[in-house]
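Peer 1: Residue numbers (this note's numbering), protein chains in the order written: chain C, 1 to 441; chain D, 1001 to 1441. For every residue, glycine included, the Cβ atom is placed at its ideal position computed from N, Cα and C.
Protein chains: 2
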Amino acid sequence: MIDLLVRDCRVLQSERGALRLLERHDVAIRGERIEALEPAGRVDPGRCREVLDARGMLAMPGLVNCHAHVPMVIFRGLAEDVDLETWFNEYMWPLESNLEADDVFWGMQLGLAEMIESGCTAVADHYFYMDEAAAAVEKAGMRAALGWAIFGSDGEAGIERGARFAERYHGAAGGRIQTWMAPHAPYTCDEDFLRRTAARARELGAGVHIHAAETVEQTRASVERTGLTPIEQLERAGVLDGPCIVAHACGATEKDIDILARSGAGVAHAPKTYLKLAMGAAPVCALRAAGVPVGLATDGAVSNNTLDLFESMRLMAMVQKHTHGSVACTLAETLCIATRESARVYGLPDAIGHLAPGFAADLILVDLSGVHHQPLHSPAASLVYSARSSDVQTVMVAGKILMRDRELLTLDKAEIVEHVSRATERLARRVPQARIQLYRP
Amino acid sequence: MIDLLVRDCRVLQSERGALRLLERHDVAIRGERIEALEPAGRVDPGRCREVLDARGMLAMPGLVNCHAHVPMVIFRGLAEDVDLETWFNEYMWPLESNLEADDVFWGMQLGLAEMIESGCTAVADHYFYMDEAAAAVEKAGMRAALGWAIFGSDGEAGIERGARFAERYHGAAGGRIQTWMAPHAPYTCDEDFLRRTAARARELGAGVHIHAAETVEQTRASVERTGLTPIEQLERAGVLDGPCIVAHACGATEKDIDILARSGAGVAHAPKTYLKLAMGAAPVCALRAAGVPVGLATDGAVSNNTLDLFESMRLMAMVQKHTHGSVACTLAETLCIATRESARVYGLPDAIGHLAPGFAADLILVDLSGVHHQPLHSPAASLVYSARSSDVQTVMVAGKILMRDRELLTLDKAEIVEHVSRATERLARRVPQARIQLYRP
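1) State whether the stretch 322-333 of chain C contacts the stretch 391-411 of chain C, with contact taken as three or more CB pairs (one from each stretch) at a distance under 8 Å.
2) If you follow the alpha helix (DSSP H) that Met1403(D) is part of, which residue opens it and which one closes it?
3) Closest to Asp8(C) by CA distance: which of Asp26(C), Leu21(C), Leu22(C) and Glu15(C) is it?
4) Out of curiosity, what's the CA-to-CA distance linking Leu1331(D) and Ala1381(D)?
5) Between which residues of its own chain and Glu1232(D) is the CB-CB distance below 8 Å, once the five residues before and five after are set aside?
6) Could you name the residues of chain D that Lys321(C) contacts, counting a contact when the two beta carbons are closer than 8 Å?
7) Whose CA, out of Arg1288(D), Phe1165(D) and Gly1041(D), lies closest to the CA of Ala1201(D)?
8) Please report the straight-line C-alpha distance between Ala1144(D) and Ala1124(D), rounded to a whole angstrom.
9) Do we get a CB-CB distance below 8 Å when we pair Met1318(D) with the residues of chain C?
10) Against chain C, which members of the stretch 1099-1124 of chain D pass a CB distance test of less than 7 Å?
11) Applying a beta-carbon distance threshold of less than 7 Å, which residues of chain D neighbour Asn305(C)?
12) Quick one: is Ala1113(D) buried, meaning 16 or more other Cβ sit within 10 Å of its Cβ, or exposed?
13) Taking only beta-carbon positions, decide if Ser326(C) is within less than 8 Å of chain D.
14) DSSP on Arg1020(D), reduced to helix/strand/coil?
15) Checking the sheet assignment: what are the DSSP bridge partners for Asp968(D)?
16) Measure the CB-CB distance between Val366(C) and Val397(C) and report whether it falls below 8 Å.
17) Across which residues does DSSP place Ser1014(D) in a beta bridge pair?
18) Would you decide whether Glu35(C) is buried or exposed? Buried here means 16 or more other CB atoms lie within 10 Å of its CB.
19) Is the stretch 1307-1320 of chain D touching the stretch 1094-1105 of chain D in the sense that three or more CB pairs, one from each, lie closer than 8 Å?
20) Below 9 Å between beta carbons is the criterion; list the residues of the stretch 359-383 of chain C that meet it against any residue of chain D, in chain order.
21) Whose Cβ in chain C lies nearer than 8 Å to the Cβ of Lys1413(D)?
22) Check whether the stretch 164-183 of chain C touches the stretch 204-214 of chain C, counting contact only when three or more Cβ pairs, one atom from each stretch, lie closer than 8 Å.
23) Any beta carbon from chain C within less than 8 Å of Val1431(D)'s own beta carbon?
24) Please compile the residues from chain C whose C-beta is within a distance smaller than 8 Å of the C-beta of Arg1016(D).
25) Apart from the five residues on each side of it in sequence, which residues of its chain come closer than 7 Å, Cβ to Cβ, to Pro357(C)?
26) What's the C-alpha gap between Gly1219(D) and Arg1262(D)?
27) Starting from Ala1428(D), find everything on chain C with Cβ-Cβ shorter than 8 Å and list it in chain order.
28) Between Ala414(C), Ile159(C) and Met115(C), which has its C-alpha nearest Trp180(C)'s C-alpha?
29) Rounded to the nearest angstrom, how far is the Cβ of Tyr91(C) from that of Leu78(C), given a contact under 8 Å?
30) Quick check for students: name the residue ranges of the alpha helix (DSSP H) that lie wholly in the stretch 331-410 of chain C, counting only runs of 4 or more.
31) Any beta carbon from chain D within less than 8 Å of Gly77(C)'s own beta carbon?
32) DSSP puts Leu1063(D) in a beta bridge; with which residues?
33) For Ser389(C), go through chain D and note every residue whose CB falls closer than 9 Å to its CB, in chain order.
34) Within the stretch 1195-1273 of chain D, note down every full alpha helix (DSSP H) run reaching 4 residues or more, in order along the chain.
35) Can Leu1368(D) and Leu1019(D) be called in contact, C-beta distance under 8 Å?
36) For Cys1268(D) versus Ala1237(D), is the C-beta distance shorter than 8 Å?
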């Protein structure tokens, strides 16, 4: 018996970097997985509990957000037109001293609602009060790789908090939640702290999700202070000995890229944040040439404003073209990064990011019938350069439909917005000197 | 009597570069113009023929597209991942040898539908078969500044064709159509041709809409070939003696910028095209510092893929930040460019691009209630960095509603798509050596 038949759609696949578009196919789902992918009409609808008519739609893997601080949506729009240091010291970190557990619960739901509406099915999140974040993920039905953010100043208690969270929630929400250790960055965590965190991660069988080499300036300051680049510090502290998500690596040197390539770490790439905060064009082409997986990300909404991976995908491709010439970052490469490579960085290369038998049924249906796609000479070009997140019609994770014909089924938007709105005044307050950290790379 | 009362919205104004948000205001429209802007409730609905409830909406001037080739949407997605020369010589110009008058009629409607759906109310269009384009504009209800594109190789007959079109259609569609002379570029029109075209434009009282200094490479090639930059060529040929729209000026030198500033010409800025074709970051900040008006544009869909000015606005701000630092191109400046400055470049600074009594009722309502805007700490940040064209709910031009609650009222999308789709195979054909021009800057 088939639980759900997605009938008669165009299916996007990325195989060894090449694009494939299967016209008029059915996707048969049993339980949480894709059971079969067949030319339309071969699967008998009588054998299916539910049939979803997807004529005219393009089915693709749900998008994977490799680095975010989802609950930060509650501060959206509060730090504009400032430099990076001001952004941290006068906005972001003072604002986060207002955070309460409840803010994370509702903020996470708000951000997840935005992400589901824009075709994202999995997110690697790095934030605080992660029990509440996990509860929101469970409710939303999304997939998430969660890490409780810790700073060197949190000391051993911070490492323990992160580790206990990781133990408690690994495999939660029916297996949809994985956990990571989440030290903030080499400039807020000294080498000893990083070493202990990495060791604890290995004991747990978890990876490490961390910011590093966010800008060229950070790399320069790190070398000046310690003689090592941030990536070299990660290597020396053993952070790269296990799975690792490095956000953002805009300041990675050639040698850093070699280190990352040897380690098997992945890089999360959030181009909108880099543009807005003038952090430089990340070396996407060089990373990929060296074999380092690069995955799409949105970072938090205080820098990125949205949690929209269609936007991240398009910006990545365009900034690489702007930097390296217009033949760089082709449609095939861009869509490979958005699907399979993002799944690799996220840590589930054989389970998500691809529509094929055995993979999880994390699938989105995109409507390419709008006038902004017509005439549809190239569905791939349309996906990368014309698609808006509002073209995503239906979203499913592990075979369960979270949004159908743009109606969100798992979250109550009105309730969420009401809760968040109640707190806006308190959240927007900034008290001089009240900040959770000081940015001094 | 008031013809239409837009009731109880937030109104965006840009005054001398500063932003103003009027909360809970009514916009009263009589005929084609705004009659009054008052705090909500002051205008008696009994005095109004029609009342549009706009609670929760943001009203802003309709966006103005200062340079496009709208009918080019029929070739959308056919030239990806190629360099600029290949783009012209192997794609764009071979493809355009397939053009027939009917393609422009339906393609223009298709593009106008996309533009209305994304909040654009006026477009400066530069293309072929412009009688058909004008007919589509008349039907759509948009405002347009139309010019029939001509090349030096068209000779005197080309100038006459452009001039006759300009005479015939100036003031057409109840005054919604203005006309311009539209020589293609200094690299396809020699100085004598440009001089004759500019003289003809002055006789007609029309301006000149032209491509120039599209890249630094073009400027270099021009100096090598003629001793003059493209902008200097325009100056010497008298093109800058009257109103002039210069697309794209990415390769303008400091001296060029001085020339433009003295002339009163405006620059149309299409950042998505520049990113995709690696044409460089246009000197927006330097142009503005010198007093040259810069207006938003989309260029054609073969380079830009969409005709979405919200995307152009966001990309302009982000690329300037990327280039000049994150405090560049503030929200206030960006929204000023998107409204008043675009109206200046378009040539109607006192009639459109601003919501105030006496200005044309070219107005859009944007819904900022979506989860991707929440919580709404900053409507300005939301407009620039979170708004999607799908947030545009209602669009009016000269007091007439063209889209209401996302339903297009003047154009028949199904009919348009059917007509365009019928021609896709013929349109996508490329015959070796069959091209309308050769790119050799």
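Peer 2: With the given structure in hand:
1) no
2) Unbroken run through Met1403(D) is the beta strand (DSSP E), Lys1400 to Arg1404; no alpha helix (DSSP H).
3) Asp26(C)
4) 7 Å
5) Lys1255, Asp1256 and Ile1259
6) Leu1275, Lys1276, Leu1277 and Ala1278
7) Phe1165(D)
8) 6 Å
9) yes
10) Leu1110, Ala1113, Glu1114 and Glu1117
11) Ala1381, Tyr1385 and Ser1386
12) buried
13) yes
14) strand
15) Here chain D covers residues 1001 to 1441 and nothing more, so residue 968(D) does not appear.
16) no
17) Leu1019(D)
18) buried
19) no
20) Ser369, Gly370, Val371, His372, His373, Gln374, Pro375, Leu376, His377, Ser378, Pro379, Ala380, Ala381 and Ser382
21) Val371
22) yes
23) no
24) Ordered by position in chain C, no residue passes the 8 Å Cβ test against Arg1016(D), which lies about 18 Å from the chain.
25) Ile34, Glu35, Ala36 and Leu37
26) As written in the sequence, residue 1219(D) is Thr, which differs from the Gly given in the question. One C-alpha to the other measures close to 20 Å.
27) His377
28) Ile159(C)
29) 6 Å
30) 331-336 and 342-346
31) yes
32) Cys1120(D)
33) His1372, Arg1388 and Ser1390
34) 1216-1226, 1230-1236 and 1254-1263
35) no
36) Here residue 1268(D) is Ala; the residue named in the question, Cys, does not match the sequence. The answer is no: Cβ separation not under 8 Å.
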